[in-house]
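*Asks:*
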Amino acid sequence: MALRILSGVQSSGRLHLGNYYGAIREFVRLQHEGEALYFIANYHALTSVRDGALARQLTLETAVAYLALGLDPSRATLFRQSDIPEIGELYWILGTLVPMANLERATSYRDKIENKGIASPEFGLFAYPVLMAADILLYDSDVVPVGRDQRQHIEFARDWATKFNVQYVPGYDPQDPAKTPGLFKLPLARTRDETAVVPGRDGQKMSKSYGNTIDLFAPDKEVEKQIKSVKTDSTPPDQPKPVEDQPLYQLLKVVLPPGAFADADQAWRTGGDPKTNGYGYFKGLLLEGYRQEFGAARRRYDELIADRAEVERILAAGAEKARGFAAPVIQRVRAAVGL
Ligand code: ADP
Ligand code: TRP
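Mapping the sequence shown onto the numbering used here, position 81 (from 1) lands on 81, and the numbers just tick up by one.
1. What is the rounded straight-line gap between the Cα of Thr276 and the Cα of Arg25?
2. Going by beta-carbon coordinates alone, are Trp160 and Val255 separated by less than 7 Å?
3. Contact between the region 34-49 and the region 123-139 is defined here as three or more beta-carbon pairs at a separation below 8 Å; is this criterion met?
4. How is the alpha helix (DSSP H) around Gly295 delimited, first residue to last?
5. What is the DSSP secondary structure of Lys208, reduced to helix, strand or coil?
6. Is the beta carbon of Arg29 sitting closer than 7 Å to the one on Ser141?
7. Using the three-state DSSP reduction, which class does His16 fall into: helix, strand or coil?
8. Pick from Val9, Arg300 and Met100: whose alpha carbon is nearest that of Pro145?
9. Helix, strand or coil for Pro219, going by three-state DSSP, please let me know.
10. Tyr20: which of Val197, Ala2, Asp245 and Ala322 sits nearest, CA to CA?
11. Please find out if some non-hydrogen atom of the ligand TRP comes closer than 6 Å to the beta-carbon of Asp135.
12. Less than 7 Å between the C-beta atoms of Ala157 and Ala178, yes or no?
13. In terms of alpha-carbon separation, which member of Ala2, Val169 and Thr59 lies closest to His32?
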């Protein structure tokens, strides 16, 4: 059977370079390697977007972004999380076996409380990994491509699937899971090391919640402004530039094609002509590289965003297909737990 690949991106804001290089680029590659399912995590987004019209708009924009960046609906199944009613059912059933202690130590949750100043978190944020595990297990997923920050969530899904299998499948052996098939398949995370974390303009991880992004589909003027504001140090234009902890250097490495990066790297390390090798010069290279890399996708985005009916058609077909994958799994689960 074809490898089943599944992933999602929350529709909680504009997509940025981190989302592309950390996740979406890999989704697009993987659609050629198996049965790929990609969805817009619009239930998850409700933990941060609290305006219905905005939530709806961001869901559409996220779908269009996937398509513009190369997701091919004739190869991969693209759907909206909220079009799959089975997800809510599995979420609850899984939750009956999820240890509270796991959720309390979930890094995504702790990060929001400890670093992002959320003083009294809601249940939805706490329970977020359970919904995510339901997303993964509902479709018998084998591989889940995600950024590094999401790995723990996939580990949780594996642990809870194992717990479920042990509880409900007679003879299931967690040491030898191939012997008796479980109720749930055990998914594996896939991250790529070279672009595991894309830095933001300030050098922290690029994230919409840090306000340090370079966006994929913002107007050109805005992107230019974002690139100009990448943090640099005070090394004079003609001096060799340090390569450690320099978001501009790391961004050039991620965005430029290898040949162009090799030239930029050379100039960066040697200093040289002050008219061309100041940080402004490298920001120009980054902007140029960005336009090369995303120009075509940005044009497709503008076309598609104007054709809502076509996007809806793709999402409806995707949801139907995804529900087809979900049906046997939810049936097994219902039977096993006694519903
Ligand atoms: P954000 O941090 O902006 O809220 P999300 O949490 O919605 O982004 O991330 C969506 C996907 O993109 C996830 O798979 C995540 O791991 C990946 N991702 C987000 N930011 C980065 C980054 N800076 N570097 C690498 N991958 C990232
Ligand atoms: N939590 C993921 C993120 O930030 C989105 C997501 C939701 C997801 N459900 C998923 C990713 C299932 C992979 C598999 O971005």
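We treat Cβ as the ideally placed atom computed from N, Cα and C, and that holds for glycine.
*Replies:* From the atom records:
1. Annotation: Thr276 to Arg25 spans about 32 Å, alpha carbon to alpha carbon.
2. Taking 7 Å as the Cβ cut-off, Trp160 and Val255 do not qualify as a contacting pair.
3. Contact between the region 34-49 and the region 123-139 is present, because at least three Cβ pairs lie under 8 Å.
4. Residues Tyr279 to Ile305.
5. Helix, per DSSP.
6. The Cβ atoms of Arg29 and Ser141 lie no closer than 7 Å to each other.
7. Looking at His16 - three-state DSSP - the assignment turns out to be strand.
8. Comparing alpha carbon positions, the residue from Val9, Arg300 and Met100 closest to Pro145 is Val9.
9. Three-state result, Pro219: coil.
10. Out of Val197, Ala2, Asp245 and Ala322, Val197 has the C-alpha closest to the C-alpha of Tyr20.
11. Yes.
12. Their beta carbons are not under 7 Å apart, which means Ala157 does not touch Ala178 by this criterion.
13. Distances from the alpha-carbon of His32 to those of Ala2, Val169 and Thr59 put Ala2 closest.
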